[in-house]
Amino acid sequence: MVTLLSNVALLAAVPPSPPRSAEALMSEVVEAPWHVRVRQVAGEWCGSEAYHPWRRVVLSRTLYYFGGGVFSGYILFFLIDRTDAKDPLSDMSVLAVLALSGSFLAAWPAGLLSDSFGSVACVLVAGVIMSAVYAIIPTLIHIEILFFVVPFYGAAQMCYNVADLAMITAALPNPDKRARDMGGWAAIENIGGALGGLISGAVITLTGSSDQTVNDIRDDDDDAGDDDNGGDRTVYTQVGYLSIFWPAALAVLVSALIVWPLSQHLRARTADASETESKKAEVKNAHDVRSNQLLDIPHDEF
Amino acid sequence: MLGASVLDDESEPAPPPKDVGLCRVTAALLYNLVLSFLQNGLTAIIVPQELSNFAPDKAALFTGILIGAGALINATSPIVGYFVDRAGRRPLLMFGAALVSGGVTLFIIGATSRSLPIYFTAYLVTQIGTVIMLTVFNAMVADLSASMPNKAGRISGIYGFYGLVGSMFSYVAAGILFPVSKKNHTVHFTISLLW
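If you're matching them up, the sequences are chains A and B in order.
Using this note's numbering, count along the first sequence one by one with no gaps and you end on 312.
Using this note's numbering, count along the second sequence one by one with no gaps and you end on 204.
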């Protein structure tokens, strides 16, 4: 029932698409081999000057998710290995709730700030905050400091996400290919996160392995034997965590800095788009007014 | 003559341009709440836990396969976007919604019959439907932002806010209200309730 009602509300809100037959669509798809189309798209994305802002935003997002992949992948291990947390699993839940609360409170203000000061400025500020958090994490011992810091991290993350979305919508060069280009932007999320997890896994194993071991799985059942709790894993040293969190901090900082040159470009593009939309609306309104005036004229005066 | 004079009259001030309100944007993007709920709660929390109930010996392997398949499906969003550009937002949105609804129905069948192949199929169908719908949503955000360039940030904020609320609800539902366990096999009830 919820699905049905949501679908009805959504379809009422979405403007209708231009009529297009399935045959026409399929004929377009089969008229060129897939590898030709892939090469064409790759050429546009990688080589076209018009896609320069899009490329920068996508690269920025890749680096951002690289950092996010490191954080989400290793924060629990860090709590267990390096902090004074008594119950790391519960503390992890508290951290998640605090971060989500920060994000929740920041969602609407982030949109307003992005509109007021520009999406690039928001990305820069949020990137600096997140980078600072990543940089200080491996130096922490007391979990209370992390409890204090994480809401700001959540707020910065939401600010980044909101401004990033606003930024990519302004950076899209071709209105007819918006969905495809947005799809490319969205797919990068997985690649950046996967790279962050994979590379940091190899790095921390090389630089931070110690002789100590720990069992991450909580044993609530006194009767259960140790064998039921899975295998032990190596405890990682502070050097290991420094070697993954500091590159993550650098990646997020670079991700914020590389979009800075787009600031003027995106503002100009937004201003142009606003002007175009205003002109369109003015023309439409003027046309409506005149149409109404014409309708008011008596027939015998024509 | 009078008609021509009216048409040529430039002194008549035109009313201020109509601004598309954020209400319509809010209505259009509200669905992201439901989608985030499904994406985060069902596919990220409930399904891996259910797999460990279905096949305790190979739960990690099956979870890995599903996560890998999900990542591959997510990586196809540019291709989905190509079709969204060609066919329009609405048909693909309806197609995605149909797939998601079908996938959820398969989840219920798979959970009640404890059939792993049906469960796998349900996961894949739901993932494909979700990717299609998310791609359409992203395109819609771009369309709306293009028509209201000065409100692009607020549109993104609304979109992100709904996604976040959906995720929070899903974590509460999957972790606290309807936790999955061997004795309390509630996934199908959860899904039925949510959808």
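No residue lacks a Cβ here, since even glycine has one placed at the ideal position from N, Cα and C.
Check: When the distance is taken between beta carbons, is A/Ala173 closer than 7 Å to A/Ser129?
Finding: Here residue 129 of chain A refers to the residue found at position 119 when the first sequence is read from its first residue. Here residue 173 of chain A refers to the residue found at position 163 when the first sequence is read from its first residue. Yes; because the gap between Cβ atoms is below 7 Å, this pair is in contact.
Note to self: Please report whether the beta-carbon of B/Phe170 lies at a distance below 7 Å from any beta-carbon of chain A.
What the structure shows: Here residue 170 of chain B refers to the residue found at position 161 when the second sequence is read from its first residue. At least one chain A Cβ lies under 7 Å of B/Phe170.
Check: Who are the neighbours of B/Tyr66 on chain A, taking C-beta pairs under 8 Å?
Finding: The residue labelled residue 66 of chain B in the question sits at position 57 within the second sequence. Looking at the sequence itself, residue 66 of chain B is Asp, so the reference to Tyr does not match. Simply none; closest approach about 14 Å.
Note to self: Pop quiz: A/Thr247 and A/Gly207 are said to be a contact at Cβ under 8 Å. What is the actual Cβ separation, rounded to whole angstroms?
What the structure shows: Locating residue 247 of chain A in the first sequence gives position 237, counting from the first residue. Locating residue 207 of chain A in the first sequence gives position 197, counting from the first residue. Not quite, the Cβ-Cβ distance comes to about 20 Å (not below 8 Å), so this is no contact.
Notebook entry, point to check: Does the distance from the C-beta atom of A/Val80 to that of A/Ser210 stay below 7 Å?
Noted result: Counted from its first residue, the first sequence places residue 80 of chain A at position 70. Counted from its first residue, the first sequence places residue 210 of chain A at position 200. The answer is yes: Cβ separation under 7 Å.
Checklist line | Contacts of B/Ala148 in chain A (Cβ-Cβ under 7 Å) | finding: Taking the second sequence and counting its residues from 1, one reaches residue 148 of chain B at position 139. The contacting residues are Arg188, Ala189, Met192.
Check: What number of angstroms, rounded off, separates the C-alpha of A/Ser70 from the C-alpha of A/Asn171?
Finding: To locate residue 70 of chain A, count along the first sequence from 1; it is residue 60. To locate residue 171 of chain A, count along the first sequence from 1; it is residue 161. The alpha-carbon atoms of A/Ser70 and A/Asn171 are separated by roughly 12 Å.
Item checked: Where A/Ser141 sits in the DSSP three-state scheme -> One-based indexing of the first sequence puts residue 141 of chain A at position 131. The answer is helix: DSSP assigns A/Ser141 an H, G or I state.
Next item on the list: State the start and end residues of the unbroken alpha helix (DSSP H) segment that holds A/Asp91.
Entry: On the first sequence, residue 91 of chain A is found 81 positions in, with the first residue counted as 1. Element bounds for A/Asp91: 62 to 92.
Next item on the list: Give me the Cα-Cα distance between B/Ile82 and B/Val140, rounded to the nearest whole angstrom.
Entry: Here the question's residue 82 of chain B lines up with position 73 in the second sequence. Here the question's residue 140 of chain B lines up with position 131 in the second sequence. Whole-angstrom Cα-Cα distance: 7 Å.
Margin query: Can you confirm whether B/Ser179, when its beta carbon is compared against all beta carbons of chain A, has any partner nearer than 7 Å?
Written below: Here the question's residue 179 of chain B lines up with position 170 in the second sequence. Taking Cβ atoms only, chain A never reaches closer than 7 Å to B/Ser179, which makes this a no.
Next item on the list: Would you kindly report the start and end of the unbroken alpha helix (DSSP H) that includes B/Val150?
Entry: Counting from one through the second sequence, the residue named residue 150 of chain B turns up at place 141. Run containing B/Val150: 125 to 156, per the alpha helix (DSSP H) assignment.
Item checked: Burial state of A/Asp232, where buried means 16 or more other Cβ atoms lie within 10 Å -> Looking up residue 232 of chain A in the first sequence gives position 222. With a pLDDT of 48 at A/Asp232, under the threshold of 50, the modelled position of that residue is not reliable, and no figure is offered here.
Checklist line | A/Gln222: first and last residue of the uninterrupted beta strand (DSSP E) it sits in | finding: Here residue 222 of chain A refers to the residue found at position 212 when the first sequence is read from its first residue. Unbroken beta strand (DSSP E) run through A/Gln222: 219 to 224.
Check: For A/Leu156, which of helix, strand or coil comes out of DSSP?
Finding: On the first sequence, position 146 is the one that residue 156 of chain A refers to. Correct three-state label for A/Leu156: helix.
Item checked: Three-state secondary structure (DSSP) of A/Val104 -> What you label residue 104 of chain A is simply residue 94 of the first sequence in a count that begins at 1. Of the three classes helix, strand and coil, the one that applies to A/Val104 here is helix, per DSSP.
Checklist line | Range of the contiguous alpha helix (DSSP H) that encloses B/Val93 | finding: The count along the second sequence starts at 1 and reaches residue 93 of chain B at position 84. 86 to 96 is the extent of the alpha helix (DSSP H) around B/Val93.
Next item on the list: Please say whether A/Gly77 and A/Val262 have beta carbons closer to each other than 7 Å?
Entry: Locating residue 262 of chain A in the first sequence gives position 252, where the first residue counts as 1. Locating residue 77 of chain A in the first sequence gives position 67, where the first residue counts as 1. In this structure, A/Gly77 lies closer than 7 Å to A/Val262 by Cβ.
Next item on the list: Determine the direct distance from the alpha carbon of B/Lys160 to that of A/Val67, and round the result to whole angstroms.
Entry: By 1-based counting over the first sequence, the position of residue 67 of chain A is 57. By 1-based counting over the second sequence, the position of residue 160 of chain B is 151. Their Cα atoms are separated by approximately 19 Å.
Check: Less than 6 Å between the CB of B/Phe63 and some heavy atom of the ligand COA, yes or no?
Finding: Annotation note on the ligand COA: not contained in the displayed structure, which lists no ligands.
Notebook entry, point to check: Using a C-beta cutoff of 7 Å, does B/Ala131 count as contacting chain A?
Noted result: Residue 131 of chain B sits at position 122 when you count from the first residue of the second sequence. It does not; no Cβ of chain A falls within 7 Å.
Next item on the list: Can you give me, in chain order, the residues of the region 261 to 276 of chain A that have a beta carbon less than 9 Å from any beta carbon in chain D?
Entry: Among the protein chains of the structure shown, namely A and B, there is no chain D.
Note to self: So for A/Thr286, helix, strand or coil by DSSP?
What the structure shows: Looking up residue 286 of chain A in the first sequence gives position 276. Reduced to three states, the DSSP call for A/Thr286 is helix.
Check: Does the beta carbon of B/Val134 sit closer than 7 Å to a beta carbon anywhere in chain A?
Finding: Start at 1 with the first residue of the second sequence, and residue 134 of chain B comes out as number 125. Cβ-Cβ to chain A under 7 Å: no for B/Val134.
Item checked: Beta carbon of A/Ser82 nearer than 7 Å to that of B/Leu173 -> Mapped onto the first sequence, residue 82 of chain A falls at position 72. Mapped onto the second sequence, residue 173 of chain B falls at position 164. Cβ atoms of A/Ser82 and B/Leu173: not closer than 7 Å.
Checklist line | A/Ala180 beta carbon less than 7 Å from that of A/Thr280 | finding: To locate residue 280 of chain A, count along the first sequence from 1; it is residue 270. To locate residue 180 of chain A, count along the first sequence from 1; it is residue 170. Result yes, Cβ atoms of A/Thr280 and A/Ala180 sit closer than 7 Å.
Next item on the list: Use the C-beta contact count for B/Leu47: other C-beta atoms within 10 angstroms, 16 or more gives buried, fewer gives exposed.
Entry: Translated into the one-based positions of the second sequence, residue 47 of chain B becomes position 38. It counts as buried.
Check: A/Met168 touches chain B at which residues, Cβ-Cβ below 8 Å?
Finding: Counting from one through the first sequence, the residue named residue 168 of chain A turns up at place 158. By Cβ distance, chain B contributes Gly169, Leu173.
Checklist line | Option nearest A/Tyr163 by Cα separation, candidates A/Leu182, A/Ala142, A/Met192 | finding: Mapped onto the first sequence, residue 163 of chain A falls at position 153. Of the candidates A/Leu182, A/Ala142, A/Met192, the one whose C-alpha sits nearest the C-alpha of A/Tyr163 is A/Ala142.
Next item on the list: Kindly indicate if chain B contains any beta-carbon less than 7 Å away from that of A/Asp233.
Entry: Against the first sequence, residue 233 of chain A aligns to sequence position 223. Unreliable positioning characterises A/Asp233 in this predicted model, as indicated by a pLDDT of 48, which lies under 50. A coordinate reading is not provided.
Item checked: Contacts of A/Thr280 in chain B (Cβ-Cβ under 8 Å) -> As a working note, residue 280 of chain A is residue 270 in the first sequence. In chain order: Pro158, Asn159, Ala161.
Next item on the list: Quick one: give me the first and last residue of the alpha helix (DSSP H) that B/Val181 is part of.
Entry: Counting from one through the second sequence, the residue named residue 181 of chain B turns up at place 172. That run of the alpha helix (DSSP H) goes 161 to 181.
Check: Under three-state DSSP, which class holds A/Val269?
Finding: Translated into the one-based positions of the first sequence, residue 269 of chain A becomes position 259. Of the three classes helix, strand and coil, the one that applies to A/Val269 here is coil, per DSSP.
Margin query: Any beta carbon from chain A within less than 7 Å of B/Pro87's own beta carbon?
Written below: Here the question's residue 87 of chain B lines up with position 78 in the second sequence. Closer than 7 Å to some Cβ of chain A, the Cβ of B/Pro87 qualifies, so yes.
Note to self: I need the straight-line Cα distance from B/Phe178 to A/Leu110, nearest angstrom please.
What the structure shows: The residue given as residue 178 of chain B occupies position 169 in the second sequence. The residue given as residue 110 of chain A occupies position 100 in the first sequence. Spanning the two alpha carbons is a distance of roughly 11 Å.
Next item on the list: Would you verify that the beta carbon of A/Ser124 is, or is not, closer than 7 Å to some beta carbon of chain B?
Entry: The residue you call residue 124 of chain A lines up with position 114 of the first sequence. With 7 Å as the cut-off, A/Ser124 counts as an interface residue toward chain B.
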